[in-house]
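I have placed the structure first, in the form of structure tokens, so that the comments after it can refer back to it.
Numbering (the numbering used here), first residue to last: 4 to 412.
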């Protein structure tokens, strides 16, 4: 970027970008907590290691529901207030996890925790897009939205590096409580900015009538959104499968322990921070659809490779697999949001993002559950990756075909 563009990016990221990034970082950290400490939790509770796949799917059901109604709440209460509420839900979902040590409460507590964290996870993208798109020039959207999306891999890196050590020192129960306390603290620390960022909210905006199906209707009307929205479901299936099951699969099939595998995942997530910004920059100069195609093929290949995990794997290979996935499977969201924002009018971006992200989360719901089912059926912790990886490759190729749905209805 030239000096003027750099100044503009800094101006955006210096204000609302930073606050929204912090909110999304904390919520993503809540979503990463249990997948990282799952091996320790499953050993303590004597439950199957693939339970985390079902937990992740339930979490995404909560995300899907909350995403559907996000646009209405954003218009009435403001994007910043919605972000604060998501932090409260994330904290509640984490702080109830230690109750599962009462064995009769394992299933209902896990389900409730997953739903609460999912409800927190869903509104993050529509709320942040509502704030950032109105402040960002069109030709810089890819970079700005990707910088904000870097919060998710940053949370993965933090959780992978820190949580295994924290879990080893204080146990997985107190680790979840510590993450919950962070979410609650941020609600109060960020509150002074609420009056500034939510000044344009409409206090009389209807909630249910305009919010429940509006997002999906916007997607239906704009045919150019169909392929990106459906493909995002496949991409999300791969992403959440990998994040949810990689640590458990690698610990079960290789000679590396939880700390080593967690560190490998964190390296991949750290690289993904730069990957998201890089692909956002690329999407500002080339068609975001083509970039999404490249990313889909790449993440599909990285999802299939884990089937070869075994005791003969070198640690460097495990790191490279995580890095490869970090550069693709957790780096596509900023480009995706840029494509969504480029298709619809600016005053419909919140609704369009809500509708598209609903489809994204539906794919995420199916992916981990399907992977967990295949894992149990074949008694192979890595087998579930193959199917979702192949589907991702198919959609990646579809982005390079003629754009039949390029024009809006």
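By construction, the Cβ of each residue, glycine as well, lies at the ideal position given by its N, Cα and C atoms.
In whole angstroms, give me the CA-to-CA distance for residue 26 and residue 204.
Against the chain shown, residue 26 aligns to sequence position 23. Against the chain shown, residue 204 aligns to sequence position 201. One C-alpha to the other measures close to 19 Å.
Which residues in the same chain as residue 122 place their Cβ atom closer than 6 Å to its Cβ, once the five residues preceding and following it in sequence are excluded?
Stepping through the chain shown from its first residue, residue 122 is reached at position 119. Around residue 122: 65, 69 and 92.
Whose C-beta lies closer than 6 Å to the C-beta of residue 177 among residues of the same chain, with five residues either side of it excluded?
For this step, residue 177 is matched to residue 174 along the chain shown. There are no such residues.
Where do the ends of the alpha helix (DSSP H) carrying residue 166 lie?
The residue given as residue 166 occupies position 163 in the chain shown. Looking at the DSSP string, the run of the alpha helix (DSSP H) that includes residue 166 is 154-173.
Closer than 6 Å by C-beta to residue 343: which residues in its own chain qualify, once you throw out the five before and the five after it? Chain order, please.
Position 340 of the chain shown holds residue 343. So the list reads 355, 356 and 359, once near-sequence residues are dropped.
Among residues of its own chain, excluding the 5 on either side of residue 129, which ones have a beta-carbon nearer than 7 Å to its beta-carbon?
Along the chain shown, read from residue 1 onward, the residue named residue 129 stands at position 126. Cβ neighbours of residue 129 beyond the five flanking positions: 70, 73, 74, 77, 353, 356, 357 and 360.
Based on Cα-Cα distance, which residue from 240, 162, 58 and 297 lies nearest to residue 268?
To locate residue 268, count along the chain shown from 1; it is residue 265. If we check each option's Cα against that of residue 268, 162 comes out closest.
Could you check how far apart the C-beta atoms of residue 100 and residue 116 are, in whole angstroms? I think they sit under 8 Å.
In the chain shown, residue 100 corresponds to position 97, counting from 1. In the chain shown, residue 116 corresponds to position 113, counting from 1. Their Cβ separation, rounded to whole angstroms, is 5 Å, which keeps residue 100 and residue 116 in contact under 8 Å.
Assign residue 279 to buried or exposed, taking buried as 16 or more other Cβ atoms, counted over all protein chains shown, within 10 Å of its Cβ.
Here the question's residue 279 lines up with position 276 in the chain shown. Buried.
Between residue 274 and residue 329, is the Cβ-Cβ spacing less than 8 Å?
The residue given as residue 274 occupies position 271 in the chain shown. The residue given as residue 329 occupies position 326 in the chain shown. Going by C-beta atoms, residue 274 is nearer than 8 Å to residue 329.
Is residue 365 near residue 331, with beta carbons less than 8 Å apart?
The count along the chain shown starts at 1 and reaches residue 365 at position 362. The count along the chain shown starts at 1 and reaches residue 331 at position 328. Contact flag unset, no.
From the DSSP output, in three-state form, read off residue 94 for me.
Residue 94 sits at position 91 when you count from the first residue of the chain shown. Here residue 94 sits in helix by DSSP.
With H, G and I counted as helix, E and B as strand and the rest as coil, what does DSSP make of residue 176?
The residue given as residue 176 occupies position 173 in the chain shown. In the structure shown, residue 176 sits in a helix (DSSP, three-state: H, G or I).
Going by beta carbon distance, what residues of the same chain come within less than 7 Å of residue 305, once the five residues before and after it are set aside?
Counted from its first residue, the chain shown places residue 305 at position 302. Excluding sequence neighbours, residue 305 sits near 324, 327, 328, 331 and 332.
Using the C-alpha atoms, what's the distance from residue 188 back to residue 113?
Sequence index remark: in the chain shown, residue 113 carries index 110 (1-based). Sequence index remark: in the chain shown, residue 188 carries index 185 (1-based). Rounded to whole angstroms, residue 113 to residue 188 spans 23 Å at the Cα level.
For residue 164, which residues of its own chain have a beta-carbon under 6 Å away from its beta-carbon, when the five flanking residues on both sides are left out?
Position 161 of the chain shown, counted from the start, is the residue given in the question as residue 164. Excluding residues within five positions, the ones whose Cβ falls inside 6 Å are 269.
Return the CA-CA distance between residue 226 and residue 235, expressed in angstroms with no decimal places.
Locating residue 226 in the chain shown gives position 223, counting from the first residue. Locating residue 235 in the chain shown gives position 232, counting from the first residue. Whole-angstrom Cα-Cα distance: 15 Å.
Check whether the Cβ atoms of residue 180 and residue 98 sit closer than 8 Å, and answer yes or no.
Position 177 of the chain shown holds residue 180. Position 95 of the chain shown holds residue 98. Taking 8 Å as the Cβ cut-off, residue 180 and residue 98 qualify as a contacting pair.
Under a Cβ-count criterion, where at least 16 other Cβ atoms within 10 Å of its own Cβ denotes burial, should residue 400 be classed as buried or exposed?
One-based indexing of the chain shown puts residue 400 at position 397. By the 10 Å Cβ count, residue 400 comes out exposed.
Could you check what DSSP says for residue 329 in three-state terms: helix, strand or coil?
On the chain shown, residue 329 is found 326 positions in, with the first residue counted as 1. Three-state result, residue 329: helix.
When you compare the CB positions of residue 395 and residue 302, do they come within less than 8 Å of one another, or not?
Here the question's residue 395 lines up with position 392 in the chain shown. Here the question's residue 302 lines up with position 299 in the chain shown. Yes. Within cutoff.
What is the C-beta distance between residue 37 and residue 44, in whole angstroms, given that I count them as a contact (C-beta under 8 Å)?
Counting from one through the chain shown, the residue named residue 37 turns up at place 34. Counting from one through the chain shown, the residue named residue 44 turns up at place 41. So it is a contact: roughly 7 Å between Cβ atoms.
Quick one: what's got a C-beta closer than 7 Å to residue 310's C-beta in the same chain, skipping five residues either side?
Along the chain shown, one-based indexing puts residue 310 at 307. The residues are 385, 386, 388 and 389.
Let's see if you can read the secondary structure: which residues bound the alpha helix (DSSP H) around residue 287?
The residue labelled residue 287 in the question sits at position 284 within the chain shown. Note, residue 287: alpha helix (DSSP H), 261-288.
Just checking my contact of residue 371 with residue 249 at CB under 8 Å: how many whole Å lie between their CB atoms?
By one-based count along the chain shown, residue 371 stands at place 368. By one-based count along the chain shown, residue 249 stands at place 246. Actually they do not touch by this definition, with Cβ atoms about 11 Å apart.
Any idea if residue 23 is buried or exposed, counting beta-carbon neighbours within 10 angstroms, 16 or more meaning buried?
On the chain shown, residue 23 is found 20 positions in, with the first residue counted as 1. It is buried - the Cβ of residue 23 has at least 16 other Cβ atoms within 10 Å.
With C-beta atoms as the reference, is residue 292 less than 8 Å away from residue 195?
For the purposes of this step, residue 292 is taken as the residue at position 289 of the chain shown. For the purposes of this step, residue 195 is taken as the residue at position 192 of the chain shown. No. Outside cutoff.
Taking buried to mean at least 16 other C-beta atoms within 10 Å of its own C-beta, is residue 397 buried or exposed?
Stepping through the chain shown from its first residue, residue 397 is reached at position 394. Answer is exposed; the Cβ neighbour count stays below 16.
Residue 376: which of 362, 391 and 363 sits nearest, CA to CA?
In the chain shown, the residue the question calls residue 376 occupies position 373. The shortest C-alpha separation from residue 376 is found at 391.
May I ask which residues mark the beginning and end of the alpha helix (DSSP H) holding residue 103?
As a position in the chain shown, residue 103 is number 100, starting the count at 1. It is not in any alpha helix (DSSP H) - residue 103 carries neither H nor E in the DSSP assignment.
Spatial neighbours of residue 263 within its chain, please: C-beta separation below 7 Å, excluding the five flanking residues on both sides.
Counting from 1 along the chain shown, the entry for residue 263 is found at position 260. Here the set comprises 318.
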